[in-house]
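J.:
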Amino acid sequence: MNQKRNLFLLICLSFSSLFAVDQVTWNQADKFLKKQDYLSAFKLSEGIIQADPKDSFGWWLRLASSSQLASKKGKWPDECVKSANQHIILVPEEEPSSLTTAIWCLNHDARYSEMVSLIPKVIPKAREKIGDDNYGSLINVLTIAYLKLNEREKAREFLYSGLSLLSGKDAAMNTGYNVGELFIDSEITMDEREKWHELFQNNLFKDKLSNPLVPAIAWNTSLLTDEYVKKGKYNYAFDTISLLYPDMDAQVTSYWNFLRDQLLIKYKALQFRTKKLKEEPRRNLKMIFLVVPRTRFKDPLPNQLSSFGNMDADLTEKDFSNLLLSFIYFRDSFEEVSKGIHWDYEVIRTNSEITSTNFRDESFRFVMQPSLESIQPALSKDILDQIKSSDGVIVVWPGVKQPNRVLITNGGGTEWNYGTDADPEVRLTILSDSNKSIASGNHANHPIFIYHELFHVLEWAYHKSNFPKKDHPYQRKKEWPRDYQGNTEWDFYSETFNKRMMVEDQMDRLYWIGRKEGFYGIKVKEEKK
3 MNQKRNLFLL ICLSFSSLFA VDQVTWNQAD KFLKKQDYLS AFKLSEGIIQ
53 ADPKDSFGWW LRLASSSQLA SKKGKWPDEC VKSANQHIIL VPEEEPSSLT
103 TAIWCLNHDA RYSEMVSLIP KVIPKAREKI GDDNYGSLIN VLTIAYLKLN
153 EREKAREFLY SGLSLLSGKD AAMNTGYNVG ELFIDSEITM DEREKWHELF
203 QNNLFKDKLS NPLVPAIAWN TSLLTDEYVK KGKYNYAFDT ISLLYPDMDA
253 QVTSYWNFLR DQLLIKYKAL QFRTKKLKEE PRRNLKMIFL VVPRTRFKDP
303 LPNQLSSFGN MDADLTEKDF SNLLLSFIYF RDSFEEVSKG IHWDYEVIRT
353 NSEITSTNFR DESFRFVMQP SLESIQPALS KDILDQIKSS DGVIVVWPGV
403 KQPNRVLITN GGGTEWNYGT DADPEVRLTI LSDSNKSIAS GNHANHPIFI
453 YHELFHVLEW AYHKSNFPKK DHPYQRKKEW PRDYQGNTEW DFYSETFNKR
503 MMVEDQMDRL YWIGRKEGFY GIKVKEEKK
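Written out as structure tokens, the structure reads:
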């Protein structure tokens, strides 16, 4: 999401005819600035000011040179601000451009409160003084200042006003650097997202691969789409996501893979959901969401985790709703991909807790998946019968508290003879990883999470097909078959579905009710032959 950028020098470096200075000094200053010898230019300005403290050219040169040195920090941001204030006294009509330069210098010193305090003096007249491109950059740097001060609502209000003035002009793109995270905020109302969506429609710049506004547009589009889906307004949701898809896939991909895949899956799901003519599913599968709301470990933590303290957790309703929403996008997009395999779902809520996990130390991460036998109180016969009537179960649990800078995976996908010990039957079993942030890049709050875990099992089911199957092959582009295209996790799955599994048998083997043997067991037997 982060993108390095250079803020324009927001004061004109050409010499103004207003400055009365002798030709020798003029030429000397011109030479220093053209050579980017800003230290010498600053020393020259000091000599001019010593000779005449009211020499406006001397203060202008001091401002121009110190502003270019401000990135070195130290005394330079202060020198820049002092010069700007003195230059305003001598040339009042240049207040907007001089203070704009002061803001640029303060930004190098992370003096965000001082930056935003200058807004009333700068914004009303700055645009006509510094031009649209520089004005866009000014809006951006002040928006970021509000963001650094954790005043996110003010940041969005300020950005909205500035972007509205430049809307549709190329200069509007200058407002967009590194503001995408403002639109991940869960506190944004649906009304506000709709307002932004309307403004963003005029600022897509589809002819440009790199538009700094794309991160903000993508997050707002994605999360506004979710709001409509939650309300069952699928046509509104499809219209919303169609702002970006399919036309702007390349622009979104230039910033992320994970958000691009999320948006593309949502688009495909909603494209299917809003079809005017729908065919009856050729197969109906059933998924149970088994909600176990607490993690309460009864045994001591493994030695590697003992220093982290209590890692018990409680499931939040938001985490569960995010996972369920991801499943809805998976369900509808999968029905499209598979040409008619539909997943119904049912939610079973328990008052149980996970009391132990299956722990693995994989050096780069810890894996703590729930021990299904440790659910207490134990699941009732009625619940076990409901699970037995399904093709798959997703165990929704809180996972564990996540210490800073420690990667702990709580989810996974496999097959399991869940609760059918007397008459064993296997079914798809997915362990949720629902305590991850929606914007972390982790797939847990992403529709591809279900695809990812299902694919672990499909690799066994289609082990004879010609695609790489070892250890998350989507991550190793060099191993992709030559007829595959794209670069992302979704691209790999999509290509495998379309060019391997559907070709082989239309995914007809994809069901679990009544299966006595899992795909992994079948695979092992066939490989031994």
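So for the sequence shown, the numbering used here puts the first residue at 3; every next one is plus one.
Virtual Cβ for every residue (Gly too), placed ideally from N, Cα, C.
Would residue 318 be called buried (16 or more neighbouring beta carbons within 10 Å of its own) or exposed?
T.: Counting Cβ neighbours within 10 Å, residue 318 comes out exposed, since fewer than 16 surround it.
J.: Rounded to the nearest angstrom, what separates residue 328 and residue 448 at their Cα positions?
T.: Approximately 6 Å between the Cα atoms of the pair.
J.: For residue 411, collect the residues of the same chain with a Cβ closer than 7 Å to its Cβ; drop the 5 residues on either side in sequence, then sort them by chain order.
T.: Result list for residue 411: 367, 369, 435, in chain order.
J.: Quick one: which unbroken alpha helix (DSSP H) runs of 4-plus residues sit fully inside the stretch 215-246? Chain order, please.
T.: Correct list: 216-232, 236-243.
J.: With burial defined as no fewer than 16 other Cβ atoms inside 10 Å of the residue's Cβ, what is the status of residue 191: buried or exposed?
T.: Per the 10 Å Cβ criterion, exposed.
J.: Just how far apart, CA to CA, sit residue 314 and residue 121?
T.: One C-alpha to the other measures close to 47 Å.
J.: Indicate the three-state DSSP secondary structure (helix, strand or coil) for residue 454 in the structure shown.
T.: Helix at residue 454.
J.: Kindly provide the ranges of any beta strand (DSSP E) runs that are 3 or more residues long and lie completely inside the stretch 246-287, ordered along the chain.
T.: Counting whole runs of 3 or more residues, the stretch 246-287 contains no beta strand (DSSP E) stretch at all.
J.: When you compare only the Cα positions, how much space is there between residue 259 and residue 510?
T.: Approximately 30 Å between the Cα atoms of the pair.
J.: So who's on the other strand from residue 158, going by DSSP bridges?
T.: In the DSSP output, where bridge partners are listed per residue, residue 158 has none listed.
J.: Measure the CB-CB distance between residue 352 and residue 430 and report whether it falls below 8 Å.
T.: Not a contact, by the Cβ cut-off of 8 Å.
J.: So what does DSSP say about residue 516, is it helix, strand or coil?
T.: Of the three classes helix, strand and coil, the one that applies to residue 516 here is coil, per DSSP.
J.: Under a Cβ-count criterion, where at least 16 other Cβ atoms within 10 Å of its own Cβ denotes burial, should residue 65 be classed as buried or exposed?
T.: Per the 10 Å Cβ criterion, buried.
J.: With DSSP collapsed to three states, give me the class of residue 109.
T.: Helix.
J.: Quick check: the Cα distance between residue 9 and residue 153, rounded to an integer number of angstroms?
T.: Low local confidence applies: a pLDDT of 41 at residue 9 is under 50, so the model's placement there is unreliable, with the coordinate-based value given in what follows. So the two alpha carbons sit approximately 22 Å from each other.
J.: Kindly list the residues whose CB is nearer than 8 Å to the CB of residue 225, restricted to its own chain and excluding five residues on each side of it in sequence; keep chain order.
T.: Result list for residue 225: 185, 186, 190, 195, in chain order.
J.: Are the beta-carbon atoms of residue 61 and residue 41 separated by less than 8 Å?
T.: No, Cβ-Cβ distance for residue 61 and residue 41 is not below 8 Å.
J.: When DSSP labels each residue in this structure, what does residue 404 get in the three-state scheme?
T.: DSSP places residue 404 in coil when its eight states are reduced to three.
J.: Would you report the Cα separation of residue 252 and residue 216, rounded to the nearest angstrom?
T.: So the alpha carbons of these two residues sit roughly 11 Å apart.
J.: Grab the span of the alpha helix (DSSP H) containing residue 88 for me, first residue to last.
T.: Residue 88 -> alpha helix (DSSP H) spans 78-92.
J.: Looking only at DSSP bridge pairs, what is residue 345 linked to?
T.: Residue 345 pairs with 287.
J.: Going along the chain, which residues of its own chain have a beta-carbon closer than 7 Å to the beta-carbon of residue 525, five neighbours each way excluded?
T.: Once the five neighbours on either side are set aside, the close Cβ partners of residue 525 are 462, 465.
J.: Do three or more CB pairs link the stretch 114-132 to the stretch 150-164 at distances below 8 Å?
T.: The answer is yes - the stretch 150-164 touches the stretch 114-132, with three or more Cβ pairs under 8 Å.
J.: Count the other C-beta atoms from every protein chain shown that fall within 10 angstroms of the C-beta of residue 33, then say buried if there are 16 or more, exposed otherwise.
T.: Its Cβ having fewer than 16 others within 10 Å, residue 33 is exposed.
J.: Beta-carbon within less than 7 Å of residue 492's beta-carbon, same chain only, minus the 5 sequence neighbours each way: which residues are those?
T.: So the qualifying residues of the chain are 263, 266, 267, 450.
J.: Roughly how many whole angstroms lie between the Cα atoms of residue 507 and residue 159?
T.: So the alpha carbons of these two residues sit roughly 54 Å apart.
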